[in-house]
Ligand SMILES: [Mn+2]
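Numbering (the numbering used here), first residue to last: 15 to 305.
In structure tokens, the structure reads:
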């Protein structure tokens, strides 16, 4: 089994890469339907089947250079220890001026990533595409849970949320009080352009880190995830948002989390691989114009 995104024939060394795949198969904080630990390996496997050409951009995004770090074989169960390793992995990529592409794992891995990003760079917003607000201060007695990601991120940077369709009363009240009411999935489905402009207008910084929880997508597209919610984004909704974001802001890193592969159903991991490759293409095409 190859461990390079797109397969070893299209792998770049670290020096020649714009993008560095950071697989982090950690899912000890998942509340229900664990299995996200298998996400990175399945996505990397599926990526070997991707067409290299992006017909929308009319380029082969792999020319940007994609380097893949090895999949860690064993990770500590304790969240603080695991997320410190994740932070170190992402931080090492930022340090050499590359764009980390973190593959979860459950959503808690984003806490490690955003800590690394905000330590390395200033003027950061986290754009969270997710069905859930993940704004709890603690969950199941853990402050580093997948359900607390956005709350922890708020301690480091601005947070903009879109695709949301599930939250708790406490989280909703907290968001309202902070004037952070998220962009609902139904708003995106009703008026994609208007909702996207809303997303863009809320980003007040030059730089952006994007976290994609795969459950932002409709469960019909993405059944392989721990906490699926009805409704959600269509494939083209998500691509449109990501393209506009890459066109207008400097994306310094992104992650894709919460894929929990289901044996015998292959399209979710292929969808994830394609999504990652699309996002790389958008960033590659627009980053020189933004520089
Ligand atoms: Mn979610």
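Think of the CB as a built atom: it goes at the ideal place given N, C-alpha and C, for glycine as much as any other residue. Note that the structure is a prediction, hence the values are computed from the model and not measured.
Taken in chain order, the complete beta strand (DSSP E) segments of 3 residues or longer contained in the segment 148 to 185 are 172 to 178. When distances are taken from the beta-carbon of residue 145 to the heavy atoms of ligand 1, the shortest one is below 6 Å. Sorting 124, 134 and 179 by C-alpha distance to the C-alpha of residue 168 places 124 at the top. The C-alpha of residue 127 is placed about 21 Å away from the C-alpha of residue 239. CA-to-CA, the gap between residue 118 and residue 268 works out to about 11 Å. Partner residues in the beta bridge of residue 115, as assigned by DSSP, are 35 and 268. The beta carbon of residue 218 is closer than 8 Å to those of 139 and 172 in its chain, skipping five residues each way along the sequence.
Remark: C-beta atoms of residue 151 and residue 164 do not approach each other more closely than 7 Å. DSSP places residue 198 within a strand segment (E or B) once states are collapsed to three.
DSSP, read as helix, strand or coil, puts residue 227 in strand.
In the DSSP assignment, residue 141 falls outside any alpha helix (DSSP H) and within the unbroken beta strand (DSSP E) covering 138 to 143. Judged by DSSP secondary structure, residue 61 falls within the alpha helix (DSSP H) whose first and last residues are 53 to 61.
Pairing residue 73 with residue 200, the inter-Cα distance amounts to about 33 Å. Taking 7 Å as the cut-off, the Cβ atoms of residue 26 and residue 81 count as close. Counting only runs of 3 or more residues that sit fully inside the segment 76 to 127, the beta strand (DSSP E) segments are 80 to 82 and 113 to 118, in chain order. Secondary structure note for residue 215: its alpha helix (DSSP H) is the uninterrupted segment 206 to 216. Taking 8 Å as the upper bound for CB-CB distance, residue 275 and residue 53 are in contact here, some 7 Å apart. Relative to ligand 1, the nearest heavy atom lies less than 6 Å away from the CB of residue 227. The alpha-carbon of residue 56 is positioned some 20 Å away from that of residue 232. For residue 137 against residue 220, the beta-carbon gap comes to about 5 Å, under 8 Å, which counts as contact.
The residues 26, 30, 31 and 32, in chain order, have a CB closer than 6 Å to that of residue 79 in the same chain once the five nearest residues on each side in sequence are set aside.
By the Cβ-count criterion, residue 102 is exposed, with fewer than 16 other Cβ atoms from all chains shown falling within 10 Å of its own Cβ. Under the DSSP assignment, residue 192 falls outside any alpha helix (DSSP H); it carries neither an H nor an E label. Linking residue 120 to residue 301 through their CA atoms gives a straight-line distance of about 28 Å.
Secondary structure in the segment 235 to 286: the beta strand (DSSP E) runs of 3 residues or longer, each lying completely within the stretch, are 264 to 271 in chain order. A check of alpha carbon separations from residue 259 across 194, 236, 210 and 70 identifies 210 as the nearest.
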